[in-house]
Structure formats: structure tokens, C-alpha cells
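Data block below; observations after.
Have a look at this one:
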């Protein structure tokens, strides 16, 4: 009888684990990649780790009648954990970075660590099967090394709204409002997300950013995502700056896990 109860207990645990994984596959999604963020919340008692492998940026400009090229690598990462059913804590880190600058034939390199960030994300219940919404409050603490830091702390409030047009296409927009050293900035990120197959999906986004006393910045980006299973995904993305002082090109690879 004791052995029978043990077998029943083992079968129950296995079934619970499989059911849990199925729930994660349907209700949870990673925020990588892209400038905007999703509306899902990390389950309570679990940790999401989203890691770039790395992010690569390339820019070209003219300084003092000379050509200047800048190539940078950044291993940024973010950790998310559920506090309640509708709220999660986010901890971000700019990670290790490397920059090579070529100006008038001279090459210089630098390396260092990026800033850290703390945020609270809350999903708003809209009682709608197709539309979802989330709010994010975030503080970026300028603790990074020179050339890898925002220099001053950034206080930001963001919102994300997603609408499932059908089983294949989802439209959305992220709005971000920042305050840094008394300068205000706003970023708008309309996004298209599409399900290509059971494991493959993709996205395209347009990014518009305007900061006080600065020229507006615009860029386009697109990426593809492969779901290894319900708790792991791989991603690749590329982007191009359309104006202002944003990098001319940006891209990278990433991996995300749910523990």
C-alpha cells in the first residue's frame, strides 16, 4: 500500500509539472528582444533571466572634418520575478561592455560595466480576451563606468498595450516617459508581433524618441524568436537608425530562461 501511494504521489508531481509548463507556455512571455516590453508577468516563485549575447552597435560620423567609427558590445541582462499574480520585480544590469573608436586613423579601446536598474511592472486587468496592458515604473541608477553610463539617474514610467488581431498577428505600442537631470524625454514604440509557427515568431518595431534640447531620434528594428521549449527562447535582431544621433546599426543575439 505504501509503494502504491508513493507511485501515485510521483505521478501527481509529474502531471503538475507538465501542467505548469503548459500554463507558462500560454500565459508567460519574455520581454526580449525589442525596445518595447510585453504585458505578461513572471509567475510567483519563478525567475526569468533575459541575457544578450551580446548587443552590438556601429556608428559612423564626421568629427572635425575627419571620419569617426565606433563599434560597441554590451552584455546587458535583466532578471524578473513575480511578486503577485499581476506584479513583478525587475532588476537590470548593463553588464560588461567594450568600445573601439577609430578616428583619423587612430584606434582606442575601452571597457567597463554598465548601469543598474530597478523596476516594478504591473499588469492591468482589462477583462478583454484580446487586449492586454501593463505599467512599468523604473529607476536607472548611473553606477556604470565612463562611456557605459547614463551619467545621471533616469526616472521613467512606461505603459504597454497589446492587441491580438488574430492567432498570427498582434499589434502593440509602448510609451515611455523619462526624467533625467530635469530634462524630460518621451519614447513611442509601435510594434507588430507575428507567430510564424509553433516555435518561431518575429517582431518589427519603429522607435521615436524626443528629449528636451535634443534632436528627435528614430529607428527601425526587426527580429526573430525561437522557442526551444516553454521555459527557454533564443532571439536575433537587427536595427537601423534613421536620423539624429542614434547608432547607424544595431543588432545582437539573446537567450532567455524561466526557472
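Residue numbers (mature numbering (1 follows the signal peptide of the UniProt record, and there is no 0)): -25 to -1, 1 to 234.
No residue lacks a Cβ here, since even glycine has one placed at the ideal position from N, Cα and C.
Remember, predicted model here, so these are calculated numbers, not experimental data.
Inset, instruction - Determine the extent of the beta strand (DSSP E) in which residue 82 is found, giving its start and end residues. - result: Annotation for residue 82: the continuous beta strand (DSSP E) segment containing it runs 81 to 88.
Inset, instruction - Give the single residue among 65, 28, 94 whose Cα lies nearest to the Cα of residue 55. - result: Ranking 65, 28, 94 by Cα distance to residue 55 puts 65 first.
Inset, instruction - Measure the Cβ-Cβ separation of residue 150 and residue 168 and say whether it is below 8 Å. - result: Contact: no.
Legend entry - For residue 6, three-class secondary structure by DSSP: Of the three classes helix, strand and coil, the one that applies to residue 6 here is coil, per DSSP.
Inset, instruction - Could you name the residues of the same chain whose beta carbon sits closer than 8 Å to that of residue 50, not counting the 5 residues immediately before and after it, in chain order? - result: In the same chain as residue 50, and ignoring 5 residues on each side of it, the C-beta atoms closer than 8 Å to its own belong to 26, 27, 28, 29, 30, 70, 71, 72, in chain order.
Legend entry - Simplified DSSP state of residue 105, which is helix, strand or coil: Annotated three-state conformation of residue 105 is coil, per DSSP.
Legend entry - Spatial distance of residue 171 from residue 216 (CA atoms): The straight-line gap from Cα to Cα measures roughly 26 Å.
Legend entry - Helix, strand or coil at residue 60 [DSSP, three-state]: For residue 60, the secondary structure class from DSSP, reduced to helix, strand or coil, is coil.
Inset, instruction - Determine the extent of the beta strand (DSSP E) in which residue 140 is found, giving its start and end residues. - result: Here residue 140 belongs to no beta strand (DSSP E), and DSSP marks it neither H nor E.
Inset, instruction - Give a yes or no on whether the C-beta atoms belonging to residue 16 and residue 57 are separated by under 8 Å. - result: With respect to the 8 Å criterion, residue 16 and residue 57 are classified as neighbours on the basis of their beta carbons.
Legend entry - Buried/exposed call for residue 8, threshold 16 Cβ in 10 Å: Classification for residue 8: buried.
Inset, instruction - Flag this pair as yes or no: are the beta carbons of residue 212 and residue 14 separated by less than 8 Å? - result: The Cβ atoms of residue 212 and residue 14 lie no closer than 8 Å to each other.
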